[in-house]
Amino acid sequence: MLVAAKAPRREALANITQWLEAQVRKLGVDIQLGTEVGKGVVMAQAPEIVIVATGGEPHLGWFKGQEHAVSSWDILTGARSPAETVLLYDDNGDHQAPSCAEFMAHRGAMVELVTPDKAIGQDIGLTKAALYRRELYKRDVVLTPDQRLTEIYPEDNKLVAVLTNCYTDAEEERVVDQVVTDNGVLPRDKLYFELKSFSSNHGQISLESLIAGEPQIINVNPEGMFQLFRVGDAVAGRNLHGAIYDSLRLCKDF
Ligand SMILES: Cc1cc2nc3c(=O)[nH]c(=O)nc-3n(C[C@H](O)[C@H](O)[C@H](O)COP(=O)(O)OP(=O)(O)OC[C@H]3O[C@@H](n4cnc5c(N)ncnc54)[C@H](O)[C@@H]3O)c2cc1C
């Protein structure tokens with residue numbers, strides 16, 4: 003959420019994490035910041051239950067020449083600055099790419115936002131999508147639907163982005179300084195898979211128990227040292243609602 007809150011008009015999203023932090027501090031939860039958790043850290047705690055909530059990693063997408071692209075996270079976190087002319091390719095359809103387009107346009111970049119969907123931000127609710135469209139049009143961002151990014155290759159000091167029309171397969175090219183892409187996230191699940199064989203439930207969740215509001219009882223490995231679960235984007239790239247509901251449904255009955 004802190005990456006999301008970097009975008010213009012979205013600063014208030016940081017209140018969500020601030021509120022959650024205040025709640026866990028109030029409840030006396032032992033918080034250890036600045037700690038990269040690996041298998042060793044978990045084992046040293048000898049826990050009864052482990053919940054992995056490690057989120058996801060940005061996924062650039064499916065096209066040739068990935069080494070020439072940067073992610074929307076690179077731009078929003080400031081790891082990479084927007085160039086003068088940018089093609090931003092959105093294969094996700096949610097808030098990430100329109101937020102990133104606005105962020106770059108505010109910094110003076112000339113942006114074309116391309117998507118294979120029939121409209122920009124297809125999965126965003128109508129009222130919020132309208133605000134993005136207003137801001138993007140105001141800043142001369144070019145909105146291009148129905149095109150898939152199929153290749154990026156360098157030419158002279160520029161990048162050529164090859165776009166393929168989703169309906170006719172006709173190709174066109176854009177010559178730009180930078181290509182930014184967003185295809186959601188892939189689960190950051192290394193820790194979960196490292197821990198799986200040490201757990202009594204092999205990382206499985208009983209959906210029946212979850213729905214019935216009963217404790218998790220799967221025990222396929224009696225030698226297991228703890229119960230293991232994962233929540234949020236560590237399961238699959240989704241959204242904040244998914245992360246909070248996964249956690250609430252799992253934890254409210256422990
Ligand atoms: C630009 C942008 C805009 C978005 N807009 C919205 C929106 O409007 N609405 C919405 O619902 N969702 C939105 N999302 C998606 C939402 O932010 C994510 O779905 C949500 O944050 C997932 O929560 P999570 O707790 O599973 O993972 P994260 O929020 O990714 O948190 C995972 C945390 O675990 C830490 N971590 C990872 N590995 C380790 C380790 N080994 N040891 C210790 N710590 C570790 C990470 O540093 C991170 O702090 C947006 C995302 C982006 C990038």
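Its first residue numbered 3, the sequence shown is counted upward by one per residue in my numbering. We put the beta carbon where it would ideally sit given N, CA and C, even for glycine. On a predicted model such as this, the values are computed, not experimentally measured, just so you know.
Same chain only: Cβ atoms within 7 Å of residue i, ignoring 5 sequence neighbours per side
| i | result |
| --- | --- |
| Pro-156 | His-70 |
| Gly-244 | Gly-234 |
Under 9 Å between C-beta atoms of residue i and residue j
| i | j | result |
| --- | --- | --- |
| Glu-59 | Ala-107 | no |
| Pro-100 | Gln-180 | no |
| Ile-220 | Ser-249 | no |
| Ala-9 | Ala-16 | no |
| Leu-78 | Glu-114 | no |
| His-97 | Ile-126 | yes |
| Leu-165 | Gln-149 | yes |
| Ala-163 | Leu-145 | no |
| Glu-175 | Asn-167 | no |
| Asp-255 | Ser-211 | yes |
Start-to-end residues for the alpha helix (DSSP H) that takes in residue i
| i | result |
| --- | --- |
| Asn-167 | Here Asn-167 belongs to no alpha helix (DSSP H); instead the beta strand (DSSP E) covers 160-167. |
| Gln-229 | Not the alpha helix (DSSP H): Gln-229 falls in the beta strand (DSSP E), residues 229-232. |
| Leu-29 | Run containing Leu-29: none; DSSP gives neither H nor E here. |
| Val-2 | Past the boundaries of the shown model lies residue 2; the chain is included only from 3 to 256, so the question cannot be answered. |
| Leu-250 | 242-253 |
| Leu-4 | Careful: Leu-4 lies outside any alpha helix (DSSP H) and carries neither H nor E. |
| Glu-104 | 98-108 |
| Ser-211 | 209-214 |
Span of the beta strand (DSSP E), counted from its first residue to its last, around residue i
| i | result |
| --- | --- |
| Asp-92 | 87-92 |
| Ile-154 | 149-157 |
| Ser-73 | 71-73 |
| Leu-145 | 144-146 |
Per-residue burial, residue i [other beta carbons within 10 Å of its own, 16 or more giving buried]
| i | result |
| --- | --- |
| Ser-199 | exposed |
| Val-52 | buried |
| Arg-109 | exposed |
| Gly-36 | exposed |
| Trp-64 | exposed |
| Ile-213 | exposed |
| Cys-102 | buried |
| Thr-183 | buried |
| Gly-30 | exposed |
| Arg-27 | exposed |
| Ile-154 | buried |
| Gln-25 | exposed |
| Phe-105 | buried |
| Thr-117 | buried |
| Pro-49 | exposed |
| Asp-142 | exposed |
| Val-222 | exposed |
| Gly-215 | exposed |
Neighbourhood of residue i by C-beta, 8 Å cutoff - its chain only, sequence neighbours within 5 removed
| i | result |
| --- | --- |
| Tyr-194 | Val-54, Thr-56, Gly-205, Leu-230, Arg-232, Ala-236 |
| Val-5 | Trp-75, Leu-78, Thr-79 |
| Ile-207 | Gln-218, Ile-220, Phe-231, Leu-252 |
| Lys-196 | The sequence given here places Glu at residue 196; Lys does not occur at that position. Contacts found: Gly-40, Lys-41. |
Residue(s) in a DSSP beta bridge with residue i
| i | result |
| --- | --- |
| Leu-128 | Leu-128 is not bridged to any residue. |
| Ile-54 | Reading the sequence as shown, one finds Val at residue 54 and not Ile. According to DSSP, which records beta bridges pairwise, Val-54 is partnered with Arg-232. |
| Val-113 | Val-88 |
| Arg-176 | Ala-163 |
| Pro-189 | Gly-58 |
| Val-181 | Ala-71, Leu-89 |
| Ser-201 | Phe-228 |
| Lys-66 | Glu-153 |
Cβ shell of residue i (< 6 Å), same chain only, five flanking positions each side left out
| i | result |
| --- | --- |
| Met-227 | Phe-200 |
| Glu-13 | Ala-7 |
| Ala-131 | Gly-123 |
| Gly-95 | Asp-119, Gln-124, Asp-125 |
| Val-177 | Lys-160, Val-162 |
Any non-hydrogen atom of ligand 2 closer than 8 Å to residue i Cβ
| i | result |
| --- | --- |
| Arg-11 | This structure lacks ligand 2; the ligands present are ligand 1. |
Beta carbon proximity, residue i to chain C, threshold 9 Å
| i | result |
| --- | --- |
| Leu-29 | Considering every chain present, this structure includes no chain C. It has just one protein chain. |
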